[in-house]
Ligand SMILES: Cc1cc2nc3c(=O)[nH]c(=O)nc-3n(C[C@H](O)[C@H](O)[C@H](O)COP(=O)(O)OP(=O)(O)OC[C@H]3O[C@@H](n4cnc5c(N)ncnc54)[C@H](O)[C@@H]3O)c2cc1C
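Residue numbers (our numbering), protein chains in the order written: chain A, 117 to 377; chain B, 3 to 792.
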């Protein structure tokens with residue numbers, strides 16, 4: 117790890133100012149950024165910690181559903197979202213291990229947009245709104261490919277709004293080594309339709325399985341998915357699973373998610 | 003009544019208190035005054051010619067004290083291979099040199115070719131990045147079959163077709179084996195891969211070189227399973243430092259599994275750097291580096307054939323194996339696929355004719371060497387898989403086909419057709435015990451429950467035998483081993499009656515400090531608490547050969563028993579003098595020396611005290627002191643054996659395998675500490691399950707390691723493992739060592755993989771997927787799903 121300066125702003129405005137400097141980067145739970153710095157894959161000159169900004173921490177309920185502060189650790193979401201949005205809480209509770217969950221945050225996860233991360237599936241399936249220091253971005257516009265998002269340089273996720281579905285479930289099939297999602301499927305049923313988001317599988321990152329959405333909007337039962345197949349083209353193939361295998365998992369996990377929702 | 007001390011007691015591990023409270027002292031914990039830090043520059047290409055290395059920029063970096071390259075080590079010798087194996091045509095194997103730092107060529111990703119020493123580790127690492135090397139990339143040799151076929155592209159010039167040896171075992175058997183196959187009514191053939199594994203000891207390697215310019219003495223603190231071997235290799239082969247000027251200290255070591263048996267170039271490099279700088283030089287391997295530089299294990303590609311009659315009686319067995327050596331021959335690389343593999347190919351069976359062929363192949367990958375079980379897991383896996391396949395083909399029950407072919411209890415000592423003489427065993431007993439513990443009667447009901455959940459349940463059986471207690475020097479010498487494989491112990495009884503036992507074995511997780519103290523306590527009738535076990539420091543302990551091959555108890559423990567006998571003999575002399583009796587009349591029982599038939603006696607402590615306060619000794623006939631050393635060289639290997647049962651549930655929709663029940667019935671001979679034995683089996687089974695379901699080193703065709711971190715290399719975790727039922731109540735004591743002990747350290751890693759794979763294949767067969775006769779390990783969900791669905 118190279119030397120760096122650490123600053124700990126107490127407000128979003130201060131953080132934005134601190135991030136304006138050349139070589140500055142936001143630090144949240146550090147579960148992704150610190151390992152990559154240790155491996156010398158990243159070498160920021162200045163880290164701007166977001167953990168001391170009260171307005172970015174915690175979970176609350178309002179008229180736009182559940183609002184989760186950008187610097188809220190997974191363990192807190194697992195606990196505090198359990199009553200209002202159990203599927204989201206369950207997702208948070210399955211991320212990594214206890215140490216990762218007590219440090220890693222929703223903002224870090226969504227900013228990083230790892231193709232195998234869990235939160236992107238929840239955000240996309242919930243039609244969440246990602247609120248930053250300067251604007252609001254709909255989840256459908258936010259995810260733009262592997263490790264790529266709509267965020268600009270220095271833009272900070274401050275809050276994520278999750279509309280609360282009638283029924284929902286996240287089914288995660290773990291990659292045996294990393295235990296990130298080899299495939300994860302988030303199914304959320306709202307009054308105006310069902311959304312199905314798939315993580316771990318797409319070569320361009322998280323995506324919606326619209327055929328399944330249509331079928332489930334018409335009939336929210338596992339049987340409604342009968343005969344639907346996912347095209348393996350465009351799916352990830354690696355040591356842990358071929359594209360065909362991932363296509364199968366998407367179908368199986370969606371079915372199971374609907375059954376369990 | 004279980005005993006609360008001595009042999010047979012489940013004494014709690016005394017070393018755990020220090021390990022669990024952070025008081026262990028590992029190499030990385032040792033900080034010497036004035037130490038500098040080393041960082042190695044490692045190749046990022048698999049195969050390349052080093053055109054030039056420019057170190058000038060690195061040398062000018064802040065804090066840099068020295069930069070060394072392969073050119074600095076051309077004068078010193080190479081790290082040798084420990085066994086010279088002969089090819090079947092009688093030619094001696096090729097032995098390409100393994101330099102301290104790569105010179106001329108780099109041969110695998112991770113091959114170290116330069117070293118920077120600086121005031122801090124970060125400075126050394128920064129300077130490594132400033133070294134400018136021009137490396138002309140050559141095509142990588144990764145796949146073994148391709149390596150053998152290509153005579154132009156060579157890992158080492160001296161190996162024309164990248165083959166180190168082409169070994170036949172036993173060559174004289176070959177004609178009879180072929181004749182038996184020609185005449186056999188049934189032949190079962192199986193091609194399989196024994197997957198390459200990364201050992202992943204919890205503690206990564208670390209070394210500190212400490213040269214004392216005042217005395218000219220060198221000290222090496224290092225993560226070693228056998229410090230004397232490391233000292234011998236550095237002295238006699240690599241650096242020429244006389245052994246009496248070199249101390250090797252392996253303090254607490256956090257696991258080895260084989261990977262820390264060997265001498266590595268980093269050890270020689272830190273010693274040389276320390277001498278050059280006249281300062282201690284410390285290197286601590288990081289985890290990413292460990293994946294690229296610790297010797298890997300396994301990596302065999304095998305075709306095995308079993309000839310049977312229609313009743314399933316084994317008539318003959320033959321195998322052809324390509325064994326990956328990696329880019330350099332690590333110290334025991336050549337022995338693992340030969341004398342620890344071919345010699346075990348008979349298993350516990352009385353197959354009359356067996357022939358094994360192994361070609362050792364160089365590739366541009368990390369060197370491969372012994373890893374927990376070493377050769378024996380590969381043999382057991384091939385054999386137990388082909389037997390299951392034969393049983394399915396012949397429609398014979400899996401238990402029955404094994405029972406029919408077991409060596410019978412009345413056939414010992416049993417000469418196998420592959421060179422070993424099994425001294426004792428009872429394979430029927432362990433398999434019957436397994437059957438009893440496995441609740442076979444309830445299997446169908448459990449299978450029905452699984453089916454109701456959409457899961458397929460299967461049961462897998464494997465029986466295993468290994469040769470351990472490594473090893474009789476007489477025998478291994480004939481087979482090409484360049485060292486002796488005895489062990490040694492010194493028992494030093496101190497004046498106040500407590501005891502230091504200095505042993506050649508090295509504990510890096512095994513619990514020797516507890517078990518060895520139990521032995522001495524029982525034998526000498528002293529409390530275990532007054533016995534201290536000293537290991538790991540060549541300046542203190544007698545020359546021993548360290549710990550691997552389930553040898554510590556059988557070999558070093560036997561040396562301790564021999565030394566203890568000498569202590570008792572000496573104690574009797576002292577007692578005879580003190581009690582004014584004839585030596586022949588002195589009896590030793592429960593820690594006290596007495597004159598037979600009288601109440602005259604002296605306690606062990608009184609004898610000890612007298613030995614060091616010999617005020618009235620007849621010095622012509624009685625020497626002061628109470629300290630004895632014994633070397634023990636075994637007459638034969640020991641042959642623990644057992645039977646393992648694995649029950650799985652397979653999810654046919656996802657291919658996920660869940661091990662729901664795992665049972666071991668082992669015969670380890672006499673057991674000293676049942677709790678520690680159970681722990682050893684648990685650990686071995688965990689590693690076996692890791693190999694079967696999760697672990698596998700993967701290179702791409704350019705020789706880049708795709709499994710270079712825990713993000714892609716799947717280690718078994720607690721929730722991957724079932725409850726493991728362990729039984730070692732079947733005992734046939736070893737007939738040729740004083741403890742009757744056989745060794746238990748590798749059992750789990752040997753017996754488990756075939757049990758797991760057999761269980762999955764069984765589940766698929768019962769579930770209507772009988773077309774699947776084999777899946778290569780690791781049986782990842784993706785592989786299992788593809789096996790079912792194409
Ligand atoms: C062992 C392990 C297992 C894991 N398993 C899983 C898993 O199963 N599923 C899963 O989804 N994830 C998993 N993760 C990832 C983890 O959950 C974190 O979500 C992830 O590391 C990023 O969050 P962080 O708070 O640690 O971000 P950091 O590491 O601090 O930052 C990551 C990136 O996001 C940027 N950033 C951080 N916060 C913000 C913000 N508010 N606004 C804008 N940019 C920001 C940073 O600048 C950096 O570029 C695992 C991680 C580890 C180490």
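Beta carbons: idealized from backbone N, C-alpha and C, even for Gly.
Computed from a predicted model, the values in this text were never measured in an experiment.
- For residue 142 (chain A), the shortest C-beta to heavy atom distance toward ligand 1 is below 7 Å.
- The residue among B:404, B:352, B:303 and B:370 with its C-alpha nearest the C-alpha of residue 359 (chain B) is B:303.
- Residue A:273 holds the alpha-carbon nearest to the alpha-carbon of residue 129 (chain A) among A:259, A:273 and A:236.
- Between ligand 1 and residue 225 (chain A), a heavy atom-to-CB distance of less than 7 Å is present.
- If you look at residue 55 (chain B), you'll find it in the beta strand (DSSP E) that goes 50-56.
- At a cut-off of 8 Å between C-beta atoms, residue 177 (chain A) does not count as an interface residue with respect to chain B.
- DSSP, read as helix, strand or coil, puts residue 311 (chain A) in strand.
- In the three-state reduction of the DSSP assignment, residue 732 (chain B) falls in the coil class.
- In the assembly as shown, residue 590 (chain B) is a buried residue. Its beta-carbon has 16 or more other beta-carbons within 10 Å.
- By the criterion of at least three beta-carbon pairs nearer than 8 Å, the region 39-55 of chain B is in contact with the region 110-129 of chain B.
- Put simply, the region 260-267 of chain B touches the region 216-233 of chain B. At least three CB pairs are less than 8 Å apart.
- When DSSP states are grouped into helix, strand and coil, residue 359 (chain B) belongs to the strand group.
- The nearest non-hydrogen atom of ligand 1 is 7 Å or more from the C-beta of residue 766 (chain B).
- The beta carbon of residue 309 (chain B) sits closer than 6 Å to the beta carbons of 182, 183, 186, 189, 317 and 318 from its chain, once the five residues preceding and following it are set aside; these are given in chain order.
- Interface annotation, residue 321 (chain A): not in contact with chain B, CB-CB separation never under 8 Å.
- In the DSSP assignment, residue 288 (chain A) falls within the unbroken beta strand (DSSP E) covering 283-290.
- In the DSSP annotation of this structure, residue 313 (chain B) is not part of any beta strand (DSSP E), being labelled neither H nor E.
- For residue 703 (chain B), the closest of B:743, B:367 and B:665 by C-alpha to C-alpha distance is B:367.
- Listed in chain order, the non-local C-beta contacts of residue 141 (chain A) below 8 Å within the same chain comprise 135, 149, 158, 160, 162, 163 and 164, local neighbours out to five positions each way being set aside.
- At the C-beta level, residue 121 (chain B) and residue 36 (chain B) stay beyond 8 Å of one another.
- In the structure shown, the three-state DSSP call for residue 754 (chain B) is helix.
- Going by DSSP, residue 591 (chain B) is part of the beta strand (DSSP E) stretching over 588-591.
- Listed along chain A are 361 and 364, each with a C-beta nearer than 7 Å to that of residue 787 (chain B).
- When 8 Å is used as the limit between beta carbons, residue 155 (chain A) is near these residues of chain B: 290, in chain order.
- DSSP places residue 148 (chain A) outside both helix and strand once states are collapsed to three, so it counts as coil.
- Exposure of residue 5 (chain B) is indicated by the presence of fewer than 16 other C-beta atoms within 10 angstroms of its C-beta.
- Among the residues of chain A, none has a CB under 8 Å from the CB of residue 190 (chain B); the nearest is roughly 30 Å distant.
- Beta-bridge pairing by DSSP links residue 41 (chain B) to B:118.
- Residue 298 (chain B) has B:370 as its beta-bridge partners, per DSSP.
- Excluding its 5 nearest sequence neighbours in each direction, residue 593 (chain B) has C-beta neighbours in its own chain below 7 Å: 526, 527, 528, 605 and 606, listed in chain order.
- Within the DSSP bridge table, the entry for residue 351 (chain B) names B:408 as partners.
- Nearest neighbour of residue 275 (chain A) by Cα position, chosen from A:283, A:264 and A:249, turns out to be A:249.
- With a threshold of 7 Å, the Cβ atom of residue 147 (chain A) counts as near ligand 1, since some heavy atom of the ligand is closer than that.
- Setting aside the 5 residues that flank it on each side, residue 12 (chain B) is surrounded in the same chain by 4, 675, 676, 677 and 678, each with a C-beta closer than 8 Å to its C-beta; the list follows chain order.
- Partner residues in the beta bridge of residue 222 (chain B), as assigned by DSSP, are B:211 and B:250.
- In the DSSP assignment, residue 219 (chain A) falls within the unbroken alpha helix (DSSP H) covering 214-219.
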